[in-house]
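Asker: Mind looking over this structure? Questions follow.
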Amino acid sequence: MAPERIKSLNPNTKIIIVVRDPVTRAISDYTQSSSKRKRVGLMPSFETMAVGDCANWLRANCTTKTRGVNAGWGAIRIGVYHKHMKRWLDYFPIENIHIVDGEKLISNPADEISATERFLGLKPVAKAEKFGVDPIKKFPCLKNDDGKLHCLGKTKGRHHPDVEPAVLRALKEFYSPENKKFYQMVNHWFDW
Ligand SMILES: Nc1ncnc2c1ncn2[C@@H]1O[C@H](COP(=O)(O)OS(=O)(=O)O)[C@@H](OP(=O)(O)O)[C@H]1O
Numbered sequence: 001m002a003p004e005r006i007k008s009l010n011p012n013t014k015i016i017i018v019v020r021d022p023v024t025r026a027i028s029d030y031t032q033s034s035s036k037r038k039r040v041g042l043m044p045s046f047e048t049m050a051v052g053d054c055a056n057w058l059r060a061n062c063t064t065k066t067r068g069v070n071a072g073w074g075a076i077r078i079g080v081y082h083k084h085m086k087r088w089l090d091y092f093p094i095e096n097i098h099i100v101d102g103e104k105l106i107s108n109p110a111d112e113i114s115a116t117e118r119f120l121g122l123k124p125v126a127k128a129e130k131f132g133v134d135p136i137k138k139f140p141c142l143k144n145d146d147g148k149l150h151c152l153g154k155t156k157g158r159h160h161p162d163v164e165p166a167v168l169r170a171l172k173e174f175y176s177p178e179n180k181k182f183y184q185m186v187n188h189w190f191d192w
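The opening residue of the sequence shown carries number 1 in the UniProt record's numbering; numbering runs sequentially from there.
Here it is, written out as structure tokens:
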């Protein structure tokens, strides 16, 4: 198991975890898998995967629903953060773990990176003026000394499919108790 093995390498390891609203995370995950899947065949809609019949090749993971959701589908399962977090907290104290808010990493990268620098005890170099915004994707970019933008690759900040509001609501309800467990575990409240 990764936490146990990392602890045996160095018990003082500092761990950085990036989280975002698990509903958005699931849609991002789906966007990534369906972009790969296009090469081998059509991917069912996000709605079918999340709350419907799932996909033939994944049906084993979607045989039972939890609160109406295919909680066994990887894109959903990974967003149940407290289950993953517990495995790390079994081996590392919370002081060794830094949580990065993935949404703020997009909207305010300088602040999120500054907080990470403090956690790592690094010389502070991240400043708001060193970041710009990709004019098309509205995703953060680094500003070179000559003012040119160095933006993230084409798989970052991709367009996500529109998802039926009823499915978004079902997912929000599904994650609500799971998110609360995570907030309590890390003593940090997010607005998801
Ligand atoms: N540096 C930085 N800042 C803000 N957000 C970032 C960053 N790197 C990755 N991401 C977003 O994380 C989502 C998953 O990206 P990954 O690189 O892990 O995976 S992948 O490329 O989709 O396989 C994916 O989210 P979406 O673009 O919203 O789908 C990435 O854009």
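Glycine residues also receive a C-beta, built at the ideal position from the N, C-alpha and C atoms.
The alpha helix (DSSP H) spanning Asp101 covers which residue range?
Answerer: Segment Ile97 to Asp101 is the beta strand (DSSP E) holding Asp101; no alpha helix (DSSP H) there.
Asker: Give the list of continuous alpha helix (DSSP H) stretches no shorter than 4 residues that lie fully inside the segment 13-50.
Answerer: 22-37, all fully within the segment 13-50.
Asker: State the CB to CB distance for the pair Val167 and Ala50, rounded to an integer number of angstroms; the pair is presumed to be in contact (CB under 8 Å).
Answerer: The pair is a contact, with the Cβ atoms about 6 Å apart (cut-off 8 Å).
Asker: Note down, in chain order, each residue of its chain lying with its Cβ closer than 6 Å to the Cβ of Ile17, except the 5 sequence neighbours on either side.
Answerer: Excluding sequence neighbours, Ile17 sits near Ile99.
Asker: Sorry if obvious, but does the Cβ on Arg37 come closer than 6 Å to a heavy atom of ligand 1?
Answerer: Incorrect: Arg37 has no Cβ contact closer than 6 Å to ligand 1.
Asker: For the beta strand (DSSP E) holding His160, just list the boundary residues, first then last.
Answerer: First-last for His160: undefined, no H or E at that position.
Asker: With a 10 Å radius around its C-beta and 16 neighbouring C-beta atoms as the bar for buried, classify Glu112 as buried or exposed.
Answerer: With 16 or more other Cβ atoms within 10 Å, it is buried.
Asker: Do the segment 150-169 and the segment 25-33 make contact, defined as three or more Cβ pairs closer than 8 Å?
Answerer: The segment 150-169, when compared against the segment 25-33, does touch it at the 8 Å Cβ threshold.
Asker: For Lys143, write down the residues that DSSP places opposite it in a beta bridge.
Answerer: Note: Lys143 sits in a beta bridge opposite Leu149.
Asker: If you compare alpha carbons, which of Ile97, Trp189 and Asn179 is closest to Gly79?
Answerer: Measuring from the Cα of Gly79, the nearest candidate turns out to be Asn179.
Asker: Would you call the CB atoms of Glu103 and Arg20 closer than 7 Å?
Answerer: The answer is yes: Cβ separation under 7 Å.
Asker: So within the segment 60-91, which uninterrupted alpha helix (DSSP H) runs reach at least 4 residues, ignoring any that extend past its ends?
Answerer: Complete alpha helix (DSSP H) runs here, min 4: 74-77 and 81-89.
Asker: Taking contact to mean 3 or more Cβ pairs, one atom from each stretch, closer than 8 Å, check whether the segment 54-70 and the segment 173-190 are in contact.
Answerer: The segment 54-70, when compared against the segment 173-190, does touch it at the 8 Å Cβ threshold.
Asker: Near Phe131, which residues of its chain fall below 8 Å by C-beta distance, leaving aside the five closest residues on each side in sequence?
Answerer: Once the five neighbours on either side are set aside, the close Cβ partners of Phe131 are Pro109, Ala110, Pro140, Cys141, Leu142 and Lys143.
Asker: Starting from Phe119, trace the alpha helix (DSSP H) both ways and give me its first and last residue.
Answerer: From DSSP, the alpha helix (DSSP H) with Phe119 extends over Pro109 to Leu120.
Asker: Within the continuous alpha helix (DSSP H) that includes Ile6, where are the two ends?
Answerer: First-last of the alpha helix (DSSP H) with Ile6: Ala2 to Leu9.
Asker: Quick one: Cα of Asn187 to Cα of Ser45, how far?
Answerer: Going by the C-alpha atoms only, they are around 35 Å apart.
Asker: Examine ligand 1 and report whether any of its heavy atoms sits within less than 6 Å of the Cβ of Ser176.
Answerer: Not under cutoff, so the answer is no.
Asker: For Pro165, count the other beta carbons within 10 Å of its own beta carbon; 16 or more makes it buried, fewer makes it exposed. Which is it?
Answerer: With fewer than 16 other Cβ atoms within 10 Å, it is exposed.
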